[in-house]
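A.B. asks: In the UniProt record's numbering, the protein residues as written are 1 to 151.
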């Protein structure tokens, strides 16, 4: 797997890419393994820019804040990762259906130059992770009037 842009129009989005995803044998491959990560591996994250900050929101239902890591790598890459553990199976349990996803997730975003990477804050509330990256203040160009002399 390698990291590629999930959206060609967004130069800052980086995701894991599986070159075999979508191939006809992909279904057989997923049946042969325990597809533990399922839908959870691609945690959906919104990124909005406000005048003050870049704000990332991720829906992570059932994930505790202790199971989530937020890091800044290589100076400008925001990394959000974690794992939702699978429920313990008791010996006498008989499962009829398992639809809730579990497993690891990992997302990376290249932050723009105006991001204050040393002031990143993260909070988890009601299964929603919010990561706030403050922005540098835009410095307005200083304009100095020059007096024109002459006759």
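Just so you know, even glycine gets a beta-carbon here, dropped at the ideal spot from N, CA and C.
Excluding the 5 residues flanking residue 52 on each side, which residues of the same chain have their C-beta closer than 7 Å to its C-beta?
C.D. replies: Here residue 52 corresponds to residue number 52 of the chain shown, with the count starting at 1. Excluding positions up to five away in sequence, the list reads 134 and 135.
A.B. asks: Residue 70 and residue 115 - do their beta-carbons sit closer together than 8 Å?
C.D. replies: As a working note, residue 115 is residue 115 in the chain shown. As a working note, residue 70 is residue 70 in the chain shown. Against a cut-off of 8 Å, the Cβ pair of residue 70 and residue 115 comes out as no contact.
A.B. asks: Would you mind reading off the limits of the beta strand (DSSP E) that contains residue 125?
C.D. replies: Here residue 125 refers to the residue found at position 125 of the chain shown. Looking at the DSSP string, the run of the beta strand (DSSP E) that includes residue 125 is 121–125.
A.B. asks: Mapping the DSSP letters down to three states, classify residue 88 as helix, strand or coil.
C.D. replies: Position 88 of the chain shown, counting from 1, holds the residue named residue 88. It is coil, neither helix nor strand.
A.B. asks: Three or more C-beta pairs under 8 Å: does that hold for the segment 68–85 against the segment 103–117?
C.D. replies: Touching, per the Cβ criterion.
A.B. asks: Just to confirm before moving on: does the CB-CB distance between residue 57 and residue 128 stay below 8 Å?
C.D. replies: One-based indexing of the chain shown puts residue 57 at position 57. One-based indexing of the chain shown puts residue 128 at position 128. Yes, the Cβ-Cβ distance between residue 57 and residue 128 is below 8 Å.
A.B. asks: Name, in chain order, the residues that DSSP records as bridge partners for residue 81.
C.D. replies: In the chain shown, residue 81 corresponds to position 81, counting from 1. Residue 81 is bridged to 69 and 106.
A.B. asks: By the three-class DSSP mapping on this structure, what secondary structure does residue 143 have?
C.D. replies: Stepping through the chain shown from its first residue, residue 143 is reached at position 143. Coil.
A.B. asks: Report the CB separation of residue 75 from residue 117 in whole angstroms; it is logged as a contact under 8 Å.
C.D. replies: Stepping through the chain shown from its first residue, residue 75 is reached at position 75. Stepping through the chain shown from its first residue, residue 117 is reached at position 117. At roughly 7 Å, the Cβ-Cβ gap stays under 8 Å, so residue 75 and residue 117 are in contact.
A.B. asks: Between the beta-carbon of residue 101 and the beta-carbon of residue 85, is there less than 8 Å?
C.D. replies: As a first step, residue 101 must be located in the chain shown, where it is residue number 101. As a first step, residue 85 must be located in the chain shown, where it is residue number 85. No, the Cβ-Cβ distance between residue 101 and residue 85 is not below 8 Å.
A.B. asks: Just to confirm, is the Cβ distance from residue 111 to residue 63 under 8 Å?
C.D. replies: Taking the chain shown and counting its residues from 1, one reaches residue 111 at position 111. Taking the chain shown and counting its residues from 1, one reaches residue 63 at position 63. In this structure, residue 63 does not lie closer than 8 Å to residue 111 by Cβ.
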